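Report on one structure; see the data block that follows.
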Amino acid sequence: MTKSIVTTAEEKPGSVTRREFIKKVGKGTAVVGAASLIPSIVRPARAAKKDYILIGRPNPGTGPISAFGEGTPWVDNRALDEINKSGGIYIKEYGKKLPIKIKIVDTESNPTKAAEVASRLILHDKIDLMVAYHTPATVNPVTSVCERYKMPCISLDNPVEMWLTGGPYHWAFHAFWLVVEDIFPAYMGMWDQLETNKIIGILAGNDTDGVSFAEGSQKLLPPKGYKVIDPGRFPLGNQDFSSVIATLKKEKVDILFGNLIPPDFATAWRQCHRMGFKPKITTIGRATLFPKAVEAIGGDLPLGLSSEIWWSPHHPFKSSLAGYDCKKLCDDWSAESKKQWTQTLGFKYAGYEIAADALKRAQTLDKEKLRESIARTDLNTMVGHIKYNEKNYARTPVVAGQWIKGEKFPWDLRICFSGKHKNIPTHGKLLPMP
Numbered sequence: 498m499t500k501s502i503v504t505t506a507e508e509k510p511g512s513v514t515r516r517e518f519i520k521k522v523g524k525g526t527a528v529v530g531a532a533s534l535i536p537s538i539v540r541p542a543r544a545a546k547k548d549y550i551l552i553g554r555p556n557p558g559t560g561p562i563s564a565f566g567e568g569t570p571w572v573d574n575r576a577l578d579e580i581n582k583s584g585g586i587y588i589k590e591y592g593k594k595l596p597i598k599i600k601i602v603d604t605e606s607n608p609t610k611a612a613e614v615a616s617r618l619i620l621h622d623k624i625d626l627m628v629a630y631h632t633p634a635t636v637n638p639v640t641s642v643c644e645r646y647k648m649p650c651i652s653l654d655n656p657v658e659m660w661l662t663g664g665p666y667h668w669a670f671h672a673f674w675l676v677v678e679d680i681f682p683a684y685m686g687m688w689d690q691l692e693t694n695k696i697i698g699i700l701a702g703n704d705t706d707g708v709s710f711a712e713g714s715q716k717l718l719p720p721k722g723y724k725v726i727d728p729g730r731f732p733l734g735n736q737d738f739s740s741v742i743a744t745l746k747k748e749k750v751d752i753l754f755g756n757l758i759p760p761d762f763a764t765a766w767r768q769c770h771r772m773g774f775k776p777k778i779t780t781i782g783r784a785t786l787f788p789k790a791v792e793a794i795g796g797d798l799p800l801g802l803s804s805e806i807w808w809s810p811h812h813p814f815k816s817s818l819a820g821y822d823c824k825k826l827c828d829d830w831s832a833e834s835k836k837q838w839t840q841t842l843g844f845k846y847a848g849y850e851i852a853a854d855a856l857k858r859a860q861t862l863d864k865e866k867l868r869e870s871i872a873r874t875d876l877n878t879m880v881g882h883i884k885y886n887e888k889n890y891a892r893t894p895v896v897a898g899q900w901i902k903g904e905k906f907p908w909d910l911r912i913c914f915s916g917k918h919k920n921i922p923t924h925g926k927l928l929p930m931p
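Take 498 as the starting number for the sequence shown in my numbering and just add one per residue.
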């Protein structure tokens, strides 16, 4: 089967070269097929006829949030093969089926680079649709560029409140959970499974995620009976957390709570252990979401760490493209890549489900009509039901869980609290940190 990925034709200094790209994607793509790694050059000028639909895909393949980018291009290949297996999507405007191709470009986990990449995809590569994922560092600059150039955009995997800071939106549509209404209740439901003094220490950097989580903690947690100790923000890449840790120890913090990039938390957590700071609960957003990032902490230090869980093999959802469930997507990924499942797999896949559904209903590549079709989305996907509201976002479920020793892989993430999402199973209550 011919693959549909179109990688970057340009190899500028500081960007990921084709050779580096092949090295980075590893065994998973080799199994999917070598054809997916052979770049097809996309000419900037459109021909009179249309032979395919081109989707732009900024992706943090390198840099501090590269763990979010894992799964590309394996998921991209899989979803597009399912869409294109019968020739693609029938577009009435052209009187034929058009296959989908995508162009993946590395954002290097940098917001400025993400904006540059998005602009180039729109202005140079003449994409028909943008699909963007992974934290404010990628999603916010990409959706802002799409608004500027009137490009229909589907985005996922970025807390809704942080995405809304760039609104109001006309061309961009987003799906994920809310910090206030979704993730904090999941955290507190999990914390309440253990007896603590309800003193929470904040560990958060000075980026968008860190600031938002810290501010949210100050507003939401005290009314629920928690005392919040906040030593303040610190710059990304900070190497000395001793003063922060000293403050948390002095205040007798039982629950360490924060949101950091993986390298920063790894540094901070090692220093916590060296200084003898061992809270009963340690819940860290972003940095402890993925096996790759957790393993990098080293030794037994990850044991008992907890985080939000936005998607897993246990979620009860199915593909709108092929009918299989979350577990099969995870099992196939592990079988072909020899790697553990990761939360971004489902969201990467769902982006293509939404795109294919919107294109089928639009029957045109006219930008405004495609935008209108996305706005009318009402679809069951691999991450749940997607139906956008008047602010252009849809909510997806989030639960909470904890890292324990694994069997097949070093660490397993088990669900401890599902709250209102009774259809998502739990696997035991939260255990205290060792």
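Note that the Cβ used here is the ideal one computed from N, Cα and C, for glycine as well.
All of these numbers come straight from a predicted model, not from anything done at the bench.
For residue i, three-class secondary structure by DSSP
i: VAL657; result: helix
i: MET498; result: A caution first: MET498 carries a pLDDT of 41, below 50, which makes its placement in the model unreliable, though a value can still be read off. Reduced to three states, the DSSP call for MET498 is coil.
i: PHE844; result: helix
i: SER768; result: Residue 768 is actually Gln in this sequence, not Ser. GLN768: helix per DSSP, three-state reduction.
i: ARG783; result: coil
i: ARG868; result: helix
i: VAL676; result: helix
i: VAL529; result: With a pLDDT of 31 at VAL529, under the threshold of 50, the modelled position of that residue is not reliable, and no figure is offered here.
i: SER817; result: coil
i: TYR646; result: helix
i: LEU876; result: strand
i: ASP689; result: coil
i: ILE912; result: strand
i: MET930; result: coil
i: PHE906; result: coil
i: ARG730; result: coil
i: SER804; result: strand
i: TRP830; result: helix
i: ILE697; result: strand
Neighbour-count burial assignment, residue i, 16 or more Cβ in a 10 Å radius
i: GLU904; result: exposed
i: GLY584; result: exposed
i: HIS924; result: exposed
i: ALA832; result: exposed
i: GLY796; result: exposed
i: GLN736; result: exposed
i: LEU786; result: buried
i: THR893; result: buried
i: ALA743; result: exposed
i: LEU802; result: buried
i: THR609; result: exposed
i: LEU842; result: buried
i: HIS621; result: exposed
i: GLY553; result: buried
i: PRO720; result: exposed
i: ARG868; result: buried
Distance cut-off 7 angstroms: residue i Cβ against heavy atoms of the ligand COA
i: GLY707; result: Absence of the ligand COA is noted for the structure shown, with no ligands found whatsoever.
For residue i, the nearest candidate out of the options (CA to CA)
i: LEU577; options: TYR587, PHE565, ILE599; result: ILE599
i: CYS761; options: ARG730, PRO555, GLU613; result: Here residue 761 is Asp; the residue named in the question, Cys, does not match the sequence. The option with the nearest alpha carbon to ASP761 is ARG730.
i: GLN690; options: PRO732, ILE778, ALA629; result: ILE778
i: ASN877; options: LYS864, ALA847, GLU887, ALA897; result: ALA847
i: LEU927; options: VAL791, ASP706, GLY686, LEU595; result: GLY686
i: SER804; options: LEU745, VAL642, ALA790, PRO813; result: ALA790
i: PHE738; options: ILE699, ALA853, HIS621, GLY553; result: ILE699
i: LYS747; options: GLY773, THR693, ARG645; result: GLY773
i: ALA891; options: MET648, ASP654, THR705, LYS825; result: ASP654
i: CYS694; options: TRP908, SER641, VAL725, ASP822; result: Per the sequence shown, the amino acid found at residue 694 is Asn instead of Cys. That would be VAL725, whose Cα lies nearest to the Cα of ASN694.
i: THR839; options: TYR849, CYS827, GLU850; result: CYS827
i: THR635; options: TRP908, HIS667, PRO561, PRO665; result: PRO561
i: LEU935; options: LYS594, PRO759, LEU818, ARG873; result: The question about residue 935 has no answer here: the residues shown for the chain are numbered 498 through 931.
i: GLY566; options: ASP829, ARG911, ASN556; result: ASN556
i: GLY702; options: PRO719, ALA683, ASN637, ARG783; result: ARG783
i: SER714; options: LEU745, LEU551, ILE680; result: ILE680
i: ILE871; options: MET627, PRO810, LEU595; result: MET627
i: GLY664; options: LEU910, TRP908, LYS919, GLU887; result: GLU887
i: GLN899; options: ASP854, SER817, VAL750, ALA683; result: ALA683
i: GLY558; options: ALA853, SER817, LEU718, SER606; result: SER606
i: PRO570; options: ALA855, LEU798, TRP830, LYS866; result: TRP830
i: GLY808; options: SER563, ALA672, ASN581, ALA629; result: Strictly speaking, residue 808 in this sequence is Trp, with Gly absent from that position. The shortest C-alpha separation from TRP808 is found at ALA672.
i: ARG575; options: LYS721, VAL657, SER709, SER834; result: SER834
i: VAL602; options: ILE588, GLU590, LYS594, ILE619; result: ILE619
i: THR764; options: TRP908, HIS918, VAL741, ASP573; result: VAL741
i: ALA853; options: LYS547, LEU551, LYS546; result: LEU551
i: GLY722; options: ILE696, MET648, PHE814; result: ILE696
I want to know whether the region 845 to 860 touches the region 766 to 777 - three or more CB-CB distances under 8 angstroms. no
Starting from the N-terminal side, write out each stretch of the alpha helix (DSSP H) that is 4 residues or longer and does not extend beyond the region 580 to 631. Counting only runs of 4+ residues, the alpha helix (DSSP H) found wholly inside the region 580 to 631 occupies 608 to 620, in chain order.
Scan the region 734 to 759 and note each continuous beta strand (DSSP E) run of 3 residues or more that stays entirely inside, going in chain order. DSSP runs (the beta strand (DSSP E)) wholly in the region 734 to 759: 752 to 756.
Could you check whether the region 640 to 650 touches the region 600 to 617, counting it as contact only if at least three pairs of C-beta atoms, one from each stretch, sit closer than 8 angstroms? With contact defined as three or more Cβ pairs closer than 8 angstroms, the region 640 to 650 and the region 600 to 617 are in contact.
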